[in-house]
Each structure stands twice: as C-alpha cells, then as structure tokens.
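Residue numbers (my numbering): -7 to 170.
Right, dumping it as structure tokens:
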C-alpha cells in the first residue's frame, strides 16, 4: 500500500509496450523509513535500469545527500558514463550534467511547479522532460507519475548523452521528489 522503494516502467508512447524497467533491488530498512519523513531526499539510492528481459542498461546511484546531490550514472558494464551534480543556490532545480571525465555536457533545469525540465547548453535544447499528474487516486499513497521524454535529433543515437538524458528522468523523480 505504501511505496518505500521505487519501481518504474518506461513505455513507448505509441504502442504502450514496456521498453525499459527501473527498480531499486536493495532498499534498507532505514532508507525506507526516511522516505516517509521530511528527509526523503537524503537517503542513498541504487537504481537499476534494465530491458524488459532483465538485461542491464544503466545504473544510477547516489550516496547520502545532506545538501546537494551528486548522482553517478554507470553503463551496463558498470563503467562511469557521467553524472548529475546539483547546483548550489539555484532558483530553479538545476544540475550540471557531466560526461565520464566530469566535463559539463549540458545543464538540467526546470521549475518543479511547472513540471517541465530541459537539458540544454548554449541555448540548444537536447531534451525536454514533462511530468504529468496521474490523479488523486494514484497519488494518495504513492508518487505514481508519468514523465514524457522528448529527445532532440541533435543528440546522436549512440552518444553517451542520450543515456544520461534517460537517467535524468529518474534523477528528477528520485532526487527532487517533485
């Protein structure tokens, strides 16, 4: 009835077919308890993103966060491909998105009240993430929301930024708890 660990389905909007699955395999007792308090943004997490068949695609991980979140994104081989570093004193919820050598690739920002986030650099928008509210029945005891991800054609299909953009959707939900 109450949600303590996160579980996600990524579906193709045209077919409704699940294309990715995200879950937290090992959520500790204290982490579960903290998620029902004002400190729900602080506990560590380890999110596994897989194909529907269970083949690994991404790992998204964060240690304990006291003030700012630093999230690491690893590929299916456990190799660091980048991460998200929360910006200090940001008026909007903002993160630097960095590649494997900690070079900033773009920024993730958005106003949580508007429920729309952009990944952009120098005026070029690489992706837009929009949160849609699922209604009071689903929201009562869970944080069941839908996110719509629109990746620009500017991002090549095989570029690591594309996987970081996918990871950004999970980061928004787990770090910002919007």
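We put the CB at the ideal spot given by N, CA and C, even for glycine.
Burial state of residue i (16 or more Cβ within 10 Å)
{"i": "residue 159", "result": "buried"}
{"i": "residue 165", "result": "buried"}
{"i": "residue 46", "result": "exposed"}
{"i": "residue 66", "result": "buried"}
{"i": "residue 80", "result": "exposed"}
{"i": "residue 18", "result": "exposed"}
{"i": "residue 77", "result": "buried"}
{"i": "residue 6", "result": "exposed"}
Option in the options with minimal Cα separation from residue i
{"i": "residue 154", "options": "55, 117, 58 and 124", "result": "117"}
{"i": "residue 10", "options": "43, 18 and 36", "result": "43"}
{"i": "residue 55", "options": "71, 12 and 38", "result": "38"}
{"i": "residue 150", "options": "124, 73, 95 and 101", "result": "73"}
{"i": "residue 93", "options": "99, 75 and 102", "result": "75"}
{"i": "residue 59", "options": "40, 36, 41 and 70", "result": "36"}
{"i": "residue 51", "options": "122, 61 and 70", "result": "70"}
{"i": "residue 86", "options": "102, 96, 97 and 98", "result": "102"}
{"i": "residue 161", "options": "12, 8, 7 and 6", "result": "12"}
{"i": "residue 115", "options": "98, 6, 156 and 140", "result": "98"}
{"i": "residue 163", "options": "100, 148 and 145", "result": "100"}
{"i": "residue 152", "options": "53, 4 and 91", "result": "91"}
Three-state secondary structure assigned by DSSP to residue i
{"i": "residue 35", "result": "coil"}
{"i": "residue 162", "result": "helix"}
{"i": "residue 152", "result": "helix"}
{"i": "residue 140", "result": "strand"}
{"i": "residue 168", "result": "helix"}
{"i": "residue 56", "result": "coil"}
CB of residue i within 7 Å of CB of residue j, strictly
{"i": "residue 49", "j": "residue 68", "result": "yes"}
{"i": "residue 142", "j": "residue 124", "result": "no"}
{"i": "residue 14", "j": "residue 41", "result": "yes"}
{"i": "residue 167", "j": "residue 61", "result": "yes"}
{"i": "residue 111", "j": "residue 140", "result": "no"}
{"i": "residue 96", "j": "residue 108", "result": "no"}
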